[in-house]
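Read through the structure below, which is laid out as structure tokens, and then see the notes.
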Amino acid sequence: MEEGDASAVAILAGMLAEGEGGAVDGKRALTLLTSELSQKDRRAYPVLAGLYLDNRFTGRRPRDAARLLATAPDLNSIIAAASLFVDYGERLKTPAAYERRLESAAKVGEPGAAMALARLRFSNHPDFGNDDSGARAVLAPLAAAGDREAQLLLVETQYGDLGASSFNPRPRGDAMSDDEARALIEDGIAADVASAFRVKGRFQRVGVVYPQDDAAATQSLLAAAERGDVEAMVLLGAAYDDGLGTAENPRERLRWWREAARLGSFAARQKLARAFTFDSFDKLMTLREGVTERLALYNNGGISLGFGTPMELLGMFSGGRARDAGTAALADAVMDGFRVAPAGLDDTKLVPLIRVLPDEIRVAIETRLKRDGYYAGSPEGVFGPAVRAALTAWVEASGPLPDEAMPATEGPAATEAVATLPVALVDRVRDRIFTTAMRKDLTEAERNDVITALNALAAYGDIPARWVLVRNYHQATFIRDIVTAEEITRYGLDILVTRPEGVEKAEFEFIFDVTAMYEAGKLDAFGAGFVNAVRDDPRLQDPLTLGSITQHFIFAPGACDAIQPAMQVAGASVGSDDGCSEAVMQALIAFARSAGASGVDARAREAAAAQLARLDAAAK
-15 MEEGDASAVA ILAGMLAEGE GGAVDGKRAL TLLTSELSQK DRRAYPVLAG LYLDNRFTGR
45 RPRDAARLLA TAPDLNSIIA AASLFVDYGE RLKTPAAYER RLESAAKVGE PGAAMALARL
105 RFSNHPDFGN DDSGARAVLA PLAAAGDREA QLLLVETQYG DLGASSFNPR PRGDAMSDDE
165 ARALIEDGIA ADVASAFRVK GRFQRVGVVY PQDDAAATQS LLAAAERGDV EAMVLLGAAY
225 DDGLGTAENP RERLRWWREA ARLGSFAARQ KLARAFTFDS FDKLMTLREG VTERLALYNN
285 GGISLGFGTP MELLGMFSGG RARDAGTAAL ADAVMDGFRV APAGLDDTKL VPLIRVLPDE
345 IRVAIETRLK RDGYYAGSPE GVFGPAVRAA LTAWVEASGP LPDEAMPATE GPAATEAVAT
405 LPVALVDRVR DRIFTTAMRK DLTEAERNDV ITALNALAAY GDIPARWVLV RNYHQATFIR
465 DIVTAEEITR YGLDILVTRP EGVEKAEFEF IFDVTAMYEA GKLDAFGAGF VNAVRDDPRL
525 QDPLTLGSIT QHFIFAPGAC DAIQPAMQVA GASVGSDDGC SEAVMQALIA FARSAGASGV
585 DARAREAAAA QLARLDAAAK
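Going by this note's numbering, the sequence shown opens with residue -15, and the numbers climb by one from there.
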């Protein structure tokens, strides 16, 4: 490329980013695109914006991307910028110029432009938003031309205060009649349009167009969410959170918010971040969700999210679940927040944040930076300019934090490539076993057969069977004669992580089980089962989850002492007097991630599947 040839920057950078004609070199691509030369050609802007959003070479920079896309020469970039403005509220020097370009794109029928402009005007953006009349004016010609999504959005927005707590909302002056609105919604439902179910659900919630009916509203939202409607997923999660038209269900609430966040919903990310503060009882959320992602929201600063000031993060550190992870793991999660959203490294964001970080977290971050070779000073928690520079260097060297899959809700049996039985077969076997177990006249041999069959179900991953064995292991010698201590350890840990409905005081039952192992001299089996379970179940590799479990081991004699010897047998070692210490748990998680699955659970499930199949065949 000749010096001064600005037009070639975007082409060359794109080739470097994609590895065309050579190895992928994202760092060089970013250097080219952020150079003075690249600023001379706006064709480089969408390429750089793409790299700021795709999380391959740098953590996401949505505000920077929004500005670049808004001033790019092509209409696709102009349209793409709108959703970023809705979420982040980024300001432009000349907002009117951008809005005119988006209006022009809508007038000439550029696909997606009118809807993007309408949603931008419906938003709370300080320059473009809070213009419902202008938004509906954009939708009207689109709806008249037969665009179903525009029609449904017009229907949905004809009430200005359509919220879950707004009963008898007032229609706008240009609102269509209830009959017309209902006809459009029902036509959309007949055509299986996801948003039609959402609009119906919102109307049913407040009693306009349709009779007020919370149960029916939640079912409509569920239908929309199952068809992929992201807004409905957020509303459905709120319904499970508040018990609107359905029983409160924290697991379903998180499932739908997580799915919406995965699909790009900023509102869902907000819901998840705030839910973490109140997760102390349910213990269903991860450190990544509750600390790293919440800090990323602060770093990027979303519009109307309530994460604009560091004081709003105090609750994250002052108590609650986060402390279960331990100081070092919590500090790592904070550092990862800058890998997710490096905009927070700017002093205008970082310095105010430092002032609300607890002393021990600041010291732990400085200790990590010193250990990794980025900081030469003494870790004292001062977090001066040298530390801030070291953190920036660490983030740049570490690269973006990889996107994380939705947290698993099932144990390792759900992820291992082992035999999978038909659900109906497992249900048949379970029903027969539980029915037989209720008989009063069982012989000793029949009782042992029941326990053996229950253990096969449990080994396969059946939660009801696992809970029966965990709940009764410590008080029934005939169960302890058949079910090994290592097996009951795996089952108990699964129960503690899964926290199934209807299971109460699982921690106490598991402590009683471990105490029974201690009295029988089987703590070595407990230790082995614990280490292998952490290796086999990715859920246990979250410091927050593991920490909340091991804090109960202090009530089980010998439990903590059994962990470190089992780690050493497995090939891991760490120097600590306390087997349940933060250092040991960190070492175990690191070992589990590097060594991979032990295969114990997979082999047990494989053998159990064959046994259950034989039991089912024998009963026919």
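Beta carbons: idealized from backbone N, C-alpha and C, even for Gly.
Check, Outcome
"Determine the extent of the alpha helix (DSSP H) in which Met650 is found, giving its start and end residues.", "With the chain covering only -15 through 604, there is no way to say anything about residue 650."
"Just tell me which of Leu146, Gln142 and Asp263 has its CA closest to the CA of Pro528.", "The residue you asked about is not Pro; residue 528 is Leu in the sequence shown. Ranking the options by Cα distance to Leu528, first place goes to Asp263."
"Just the C-alpha distance for Arg577 and Gln525, rounded to the nearest angstrom, thanks.", "8 Å"
"State yes or no: is the beta carbon of Gly73 nearer than 9 Å to at least one beta carbon in chain B?", "Chain labels in this structure do not include chain B; a single protein chain is all it has."
"DSSP three-state call for Pro660: helix, strand or coil?", "Nothing can be reported for residue 660, as the shown portion of the chain is limited to -15 through 604."
"Using a 10 Å radius around the Cβ and a threshold of 16 neighbouring Cβ atoms, would you call Asn108 buried or exposed?", "exposed"
"Would you say Pro384 and Arg40 are within 9 Å of each other, going by their C-beta atoms?", "yes"
"List the endpoints of the continuous alpha helix (DSSP H) containing Cys544.", "Ala543 to Ala554"
"Using the beta-carbon count (16 or more within 10 Å), is Thr78 buried or exposed?", "exposed"
"Please work out which residues of its chain come closer than 8 Å, Cβ to Cβ, to Glu277, disregarding the five sequence neighbours upstream and downstream, and give them in chain order.", "Arg253, Leu256, Ala257, Gly321 and Val324"
"Taking only runs of the beta strand (DSSP E) that begin and end inside the segment 446 to 502, which ones reach a length of at least 3 residues, in chain order?", "none"
"On the three-state DSSP scale, how would you describe Pro527?", "helix"
"Rounded to whole angstroms, how far is the Cβ of Val275 from the Cβ of Met300, which I believe are closer than 8 Å?", "6 Å"
"Report all residues from its chain with a CB closer than 8 Å to the CB of Leu68; omit the five preceding and five following residues, and keep chain order.", "Pro46, Arg47, Ala49, Ala50, Leu53 and Glu74"
"How long is the line joining the alpha carbons of Glu(-14) and Val(-7), rounded to whole angstroms?", "For Glu(-14), the predicted model reports a pLDDT of 46, less than 50, meaning its position is unreliable; a value from the coordinates is still stated below. Answer to the nearest angstrom: the Cα atoms are 10 Å apart."
"Below 8 Å on the Cβ atoms is my guess for Thr404 versus Glu566; work out the distance and round it to an integer in Å.", "Actually they are not in contact, since the Cβ atoms of Thr404 and Glu566 sit about 37 Å apart, beyond 8 Å."
"My guess is that Ala128 and Met99 are in contact by the Cβ rule of under 8 Å, so how many angstroms apart are they, rounded?", "Between Met99 and Ala128 the Cβ distance is about 15 Å, and since that is not below 8 Å, they are no contact."
"Just checking my contact of Arg237 with Gly221 at CB under 8 Å: how many whole Å lie between their CB atoms?", "5 Å"
"Please determine if the segment 52 to 66 and the segment 335 to 352 are in contact, where contact requires at least 3 C-beta pairs separated by less than 8 Å.", "no"
"Determine the DSSP secondary structure at Pro155, reduced to helix, strand or coil.", "strand"
"Does Tyr358 come out as helix, strand or coil in the three-state DSSP assignment?", "coil"
"Cutting at 7 Å between CB atoms, please list the residues of its own chain near Leu438, excluding the five before and the five after it.", "Ile417, Ala449, Val452 and Leu453"
"Which of helix, strand or coil does DSSP assign to Tyr143?", "strand"
"Distance, Cα to Cα, Gly185 vs Leu138?", "15 Å"
"Tell me whether the segment 15 to 30 and the segment 370 to 384 touch, counting them as touching only if at least three CB pairs, one residue from each stretch, are closer than 8 Å.", "no"
"Alpha carbon to alpha carbon, how far is Ser61 from Val70? Give it in angstroms, no decimals.", "15 Å"
"Out of curiosity, what's the CA-to-CA distance linking Glu400 and Ala594?", "Reliability fails at Glu400, whose pLDDT of 46 lies under 50, so the model's placement of it is uncertain and the value that follows must be treated cautiously. So the two alpha carbons sit approximately 16 Å from each other."
"In whole angstroms, what is the alpha-carbon distance linking Asn456 and Asn284?", "50 Å"
"Do Gly172 and Ala180 come within 9 Å of each other at the CB atom, strictly closer than that value?", "yes"
"Nearest CA to the CA of Gly191: which residue from Arg182, Ser161 and Pro153?", "Pro153"
"Decide if the segment 584 to 593 is in contact with the segment 568 to 575; the criterion is three or more beta carbon pairs, one per stretch, under 8 Å apart.", "no"
"For Pro621 versus Gln203, is the C-beta distance shorter than 9 Å?", "Because the chain spans -15 through 604 in this model, residue 621 falls outside it and cannot be assessed."
"Assign Gln548 to buried or exposed, taking buried as 16 or more other Cβ atoms, counted over all protein chains shown, within 10 Å of its Cβ.", "buried"
"With DSSP run on the structure shown, which of helix, strand or coil describes Val192?", "coil"
"Among Ala442, Ala443, Thr420 and Gln142, which one has its Cα closest to the Cα of Asp433?", "Thr420"
"Give the straight-line distance between the Cα atoms of Ala443 and Ile479, rounded to the nearest whole angstrom.", "13 Å"
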